[in-house]
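Read in order, the letters of the sequence shown are residues 3 to 463 in my numbering. Let me begin by presenting the structure, written as structure tokens, before commenting on it.
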Amino acid sequence: MERENAWKKYDDPAMKELEAVSANYRRFLDSGKTERECAEYAIAMAEKNGYASLEEAIRAGKKLEPGAKLWASPMGKTIMLFIIGREPLENGMNIVGAHIDSPRMDLKQNPLYEDSDLAYLDTHYYGGIKKYQWVTLPLALHGVVCKKDGTKVNVVVGEDEDDPVLCISDLLIHLSAEQLQKKGAEVIGGEDLNLIIGGRPLKDTEEKEAVKANVLNILKEKYDFEEEDFLSAEIEVVPAGRARELGLDRSMILGYGHDDRVCAYAELEAIFGIEGVPARTVCCLFADKEEIGSVGATGMQAKYFENAFAELMNLTGEYCDLKLRRGLANSKMLSCDVSAGYDPNFASVFEKKNSAFLGRGVCFNKYTGARGKSGSNDANAEYMAEVRKIMDDANVSFQTAELGRVDAGGGGTIAYICALYCMNVIDSGVAVLSMHAPWEIISKADLYEAVKGYRAFLVNA
Ligand code: MN
Ligand code: MN
């Protein structure tokens, strides 16, 4: 069954709202190029919207009443926002969960070296990337350097108009006869992702590596850290520059990190737009480390979500282990992550009846996975029926999709991890073209429908 293009239904007020959401989303993308930056931005938005720190509520032992709004951000790389509902937590929450880490390159622990009068930073890529896409484009550094004295230096280079940018070189076509015979995965190797950061030697010095020495001087002067401080730094290498409107009709957005910040942002707009006190407690969740398997203390496999839920139960006076388990099992979740948009340029990897098209609304993937649904969370039909009804009742344009043709490849999300609590979970997101490329493409209409769909779910599920 073919779904209608959402653009056709918009009247003037809807168009105005859609453009406002899109403009705000672009600001979010420009300000949030790392998980830390996204979390910081979300906290600032939450506080402006009347959310208080859960950690402070715990410290104060403050009793939580229905309508209480709280934020928590374990390690500054994850986010949980809650509105306490009228029903007991034992009845479960309505959750929308996305991830805010995106594919990129990270600086290695000992990154800086000099070769042939150029200074470089060595990187290790993060998540699934086509390495050849990351050469010859302007790159920026975003991150933190943590020093032994406990201070933290924030680093952002390459975003201001007057900032310098960084770049990885590629081989000139004239000498590429051998390179171009290689497989795509090998055209640029993992150890070829070396970032050029300097080319001018320090004058009047005995230093053998004078270009590197000059760079170190600049780092000391501008950011007050030494070479050894790279050992305790987290600096991410990302495309430099802003998200842009795409197409003469401005219907799309070209940006870095739509996966999965587009769903994260839709969640924020959805929860901040909720009026009054919802029946069930609602939760907006951002996880980290999804792109490398949801591992580590900030990945979805860690216990921060369960812990926060226990803390909420404690502060509402409900806590006991059995009620906690019931509450988790009674929860309902949209695992909000981007889906593969149908690309006519690469039609052979899609099956058209079960593909997501740009502009046809928020996308639901009953299952993801690869080769026989392996690794997927296959949502229950009963639950899918409930979600369909919520979308239709709220006049939300939605479509359903699989992640490409059977046996063409596949992928996963955080859905299967949350489903371990025995709650109903379904994947839902925005269709993306060029997923995991430095610059990805989405339709503004799909973002707008995601906002409306997520809000309807939070309030009505
Ligand atoms: Mn994703
Ligand atoms: Mn991804």
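Ideal placement from N, C-alpha and C gives every residue a C-beta, glycine not left out.
Do you know how far the Cα of residue j is from the Cα of residue i?
i: F30; j: E320; result: 36 Å
i: I273; j: G94; result: 17 Å
i: G78; j: E4; result: 42 Å
i: D119; j: K291; result: 36 Å
i: K210; j: P113; result: 18 Å
i: V284; j: D13; result: 30 Å
i: Y369; j: K354; result: 16 Å
i: I443; j: S436; result: 7 Å
i: I131; j: R106; result: 8 Å
i: R244; j: G257; result: 7 Å
i: T125; j: Y306; result: 29 Å
i: G363; j: D164; result: 38 Å
i: L197; j: E228; result: 19 Å
i: S399; j: S430; result: 13 Å
i: A215; j: D262; result: 38 Å
i: L326; j: E313; result: 10 Å
i: N156; j: D226; result: 11 Å
i: V264; j: K222; result: 36 Å
i: S234; j: K154; result: 10 Å
i: N332; j: P15; result: 37 Å
i: D32; j: V279; result: 32 Å
i: Q111; j: V408; result: 40 Å
i: A383; j: R282; result: 22 Å
i: G298; j: T80; result: 12 Å
i: G374; j: S296; result: 22 Å
i: C148; j: F232; result: 8 Å
i: Y344; j: F352; result: 7 Å
i: W441; j: N316; result: 44 Å
i: L195; j: H176; result: 21 Å
i: Y267; j: E6; result: 24 Å
i: S337; j: W136; result: 29 Å
i: A54; j: A349; result: 48 Å
i: I199; j: K150; result: 25 Å
i: C169; j: E238; result: 13 Å
Quick check: is any heavy atom of ligand 2 less than 7 Å from the C-beta of residue i?
i: H438; result: yes
i: E293; result: yes
i: D429; result: no
i: D261; result: yes
Ignore the nearest five residues each way along the sequence and tell me which others in residue i's own chain have a CB closer than 6 Å to its CB.
i: T138; result: D172
i: Y115; result: Y122
i: K133; result: I190
i: E236; result: G145, V146
i: C420; result: M335, V427
i: A242; result: P140, L141, A142, G160, V167
i: L405; result: A342, T370, G412, G413
i: L250; result: none
i: V98; result: E269, C286, L336, C338, Y456
CB-CB under 7 Å to residue i, same chain, minus the five flanking residues each way: which ones, in chain order?
i: A403; result: S341, N356, S357, A358, C365, N367
i: K446; result: L20, S24, S253, M254, I255
i: M386; result: K368, I428
i: A310; result: L56, A74, M82
i: D103; result: E37, D290, K291, E292, E293
i: G52; result: K71
i: A212; result: P203, L204
i: L393; result: Reading off the sequence shown, one finds Met at residue 393, where the question assumed Leu. Cβ within range, chain order: F400, G455, A458.
i: D448; result: L360, G361, G363, V364, V432, A433
i: Q303; result: S296, V297, I419
i: S178; result: none
Looking at ligand 1, does it come within less than 7 Å of residue i, judged from the CB to the closest heavy atom?
i: D339; result: yes
i: T370; result: no
i: T207; result: no
i: N415; result: For the sequence presented, residue 415 should be read as Thr rather than Asn. Flag set: Cβ of T415 near ligand 1.
i: H101; result: yes
Which residues in the same chain as residue i place their Cβ atom closer than 8 Å to its Cβ, once the five residues preceding and following it in sequence are excluded?
i: G129; result: D103, S104, P105, R106, E293, I294, H438
i: L330; result: G94, E308, F311, Y423, C424, M425
i: P68; result: I86, G87, R88, V279
i: M47; result: L270, F274
What runs of the beta strand (DSSP E), each 3 residues or longer, lie entirely inside the stretch 146-233?
Qualifying beta strand (DSSP E) stretches, in chain order: 154-159, 196-200.
Would you mind listing the beta strand (DSSP E) stretches within the stretch 393-454 that are 3+ residues and don't spill past its ends, in chain order?
400-402, 426-431, 442-445
Any chance you could list the beta strand (DSSP E) runs of at least 3 consecutive residues sitting entirely within the stretch 70-131, in chain order?
71-74, 81-85, 95-101, 106-117, 120-128
Ordered list of beta strand (DSSP E) runs contained in the stretch 319-364, each at least 3 residues:
334-338
Could you give the uninterrupted runs of the alpha helix (DSSP H) lying entirely in the stretch 244-284, keeping only those of 4 residues or more?
260-274
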